[in-house]
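**Q** Dropping the structure in here first, questions after.
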Amino acid sequence: MIINNHFCMNIVDELNNEFSKQKSLYKVGQQPVAELEKYKQIAMGYAEMENAVSVLSDMHTNVSYVYYGRFSQVFGWNRENGTEEKIDSIWEEKILKQIHPDDLRDKYLQELRFFHFVRRQPKTKRTDFYLANKLRIKDAQGNYQFVLHRLFYVPSPIGNSLWLALCVYTPWLFGFSGKSRVVHSVTGEMMELGGQEDAQILSDREKQILRLIDKGLMSKEIASQLSISVHTVSRHRQEILSKFQVKSSIEACRVAKELGIL
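The sequence shown begins at 1 in UniProt numbering and counts up by one.
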């Protein structure tokens, strides 16, 4: 379990840093208030119409808005139906701490994959996709219940970054197969992320360098073997850490192995 928790923290750090990188593109005073209010109303609509728990997270300001439908009572989150709770974080700890540790680990990994998948889509197509996960969440009696978790990303109207993340928690739909799928909401097509999509996170050169790092080679040795400068190796190393948003090459290798890149 310690290994799982450590891995989860690595992925959370990676996602946090991916989101943080986008903040520099967002100038103070440029927050589109009307757009934010529109999506807050959408999140509230999920809570009211589907009795869902919905969480709208602003990745630029590190603030979330949680809306509680009647489904929340199953898990002991006793809030008045349709009320809004504002939290100073993009991570809904009250919910996350009740998710089964194995499912939480997979949730973070799939969200990392989905984040990169959405960023590769044309800006006008990014809201056409959502991630659906099957999760076990502990109810008020301490028993795990199957829950359908859906994640949507909203691009910023300013620049090319992703701005909002909307998570919706509802009862499990038994017609949904598998544990995690990306759903095209226009066509209904479903796909699993992994394999080729994971491989696209790093360039061929970055993967080549990471494999040598994993073998224990230092930057000077890598530069000699690949006939490139040490400066070039260092630049690639920093780009790898940036894409995975981890603090060391050891963590980068660990995440790459979980993604099947190494």
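Note that the Cβ used here is the ideal one computed from N, Cα and C, for glycine as well.
Would the stretch 199 to 215 and the stretch 230 to 244 be scored as touching if the rule is three or more Cβ pairs under 8 Å?
**A** Touching, yes.
**Q** Could you check the C-alpha separation between residue 160 and residue 256 for me, to the nearest Å?
**A** Residue mapping note: residue 160 aligns to position 160 of the sequence shown, counting from 1. Residue mapping note: residue 256 aligns to position 256 of the sequence shown, counting from 1. Near 26 Å, if we compare the C-alpha coordinates of residue 256 and residue 160.
**Q** List, from N- to C-terminal side, the beta strand (DSSP E) runs of 3 residues or more that fit wholly inside the UniProt domain "HTH luxR-type" (195 to 260).
**A** Segments of the beta strand (DSSP E) lying fully in the UniProt domain "HTH luxR-type" (195 to 260): there are none.
**Q** Within 8 Å, do at least three Cβ pairs link the stretch 72 to 85 to the stretch 114 to 131?
**A** The stretch 114 to 131 is not in contact with the stretch 72 to 85.
**Q** Which ranges does the beta strand (DSSP E) cover as unbroken runs of at least 3 residues, wholly within the stretch 43 to 80, from first to last along the chain?
**A** Listed in chain order, the complete beta strand (DSSP E) runs (minimum 3 residues) inside the stretch 43 to 80 are 53 to 58 and 63 to 68.
**Q** Between the alpha carbons of residue 142 and residue 76, how many angstroms are there, rounded?
**A** Counting from 1 along the sequence shown, the entry for residue 142 is found at position 142. Counting from 1 along the sequence shown, the entry for residue 76 is found at position 76. Whole-angstrom Cα-Cα distance: 10 Å.
**Q** Output the boundary residues of the beta strand (DSSP E) element that contains residue 149.
**A** Within the sequence shown, numbered from 1, the residue matching residue 149 stands at position 149. Start and end: 144 to 155.
**Q** What whole-angstrom Cβ distance do residue 151 and residue 130 have, given they're in contact under 8 Å?
**A** Translated into the one-based positions of the sequence shown, residue 151 becomes position 151. Translated into the one-based positions of the sequence shown, residue 130 becomes position 130. With 8 Å as the limit, residue 151 and residue 130 qualify as a contact, their Cβ atoms being about 6 Å apart.
**Q** Could you tell me the alpha carbon to alpha carbon distance between residue 132 and residue 32, rounded to whole angstroms?
**A** Looking up residue 132 in the sequence shown gives position 132. Looking up residue 32 in the sequence shown gives position 32. Distance between the alpha carbons of residue 132 and residue 32: 28 Å.
**Q** Taking buried to mean at least 16 other C-beta atoms within 10 Å of its own C-beta, is residue 250 buried or exposed?
**A** Mapped onto the sequence shown, residue 250 falls at position 250. Per the 10 Å Cβ criterion, exposed.
**Q** Can you list the beta strand (DSSP E) stretches of 3 or more residues lying completely in the stretch 93 to 140, in chain order?
**A** 129 to 138, all fully within the stretch 93 to 140.
**Q** Out of 52, 56, 47 and 49, which one is the CA nearest neighbour of residue 35?
**A** Position 35 of the sequence shown holds residue 35. Checking every option, the nearest Cα to that of residue 35 belongs to 56.
**Q** Closest to residue 59 by C-alpha separation, out of 156, 138 and 93, would be which residue?
**A** As a first step, residue 59 must be located in the sequence shown, where it is residue number 59. The residue with the shortest Cα to Cα distance from residue 59 is 156.
**Q** If you draw a straight line from the C-alpha of residue 253 to the C-alpha of residue 218, how long is it?
**A** Counting from 1 along the sequence shown, the entry for residue 253 is found at position 253. Counting from 1 along the sequence shown, the entry for residue 218 is found at position 218. Looking at the two C-alpha atoms, the distance is approximately 14 Å.
**Q** Which same chain residues, not among the five before or five after residue 44, have their C-beta less than 6 Å away from its C-beta?
**A** For the purposes of this step, residue 44 is identified with residue 44 of the sequence shown, where counting begins at 1. Cβ within range, chain order: 67.
**Q** Residue 179: which of 223, 136, 211 and 62 sits nearest, CA to CA?
**A** In the sequence shown, counting from the first residue as 1, residue 179 sits at position 179. The residue with the shortest Cα to Cα distance from residue 179 is 136.
**Q** Is residue 84 helix, strand or coil when you go by DSSP?
**A** Translated into positions along the sequence shown, residue 84 becomes position 84. Residue state, collapsed to three classes: strand.
**Q** Give the DSSP bridge partners of residue 165, in chain order.
**A** Along the sequence shown, read from residue 1 onward, the residue named residue 165 stands at position 165. The partner list for residue 165 (beta bridge, DSSP) reads 57 and 153.
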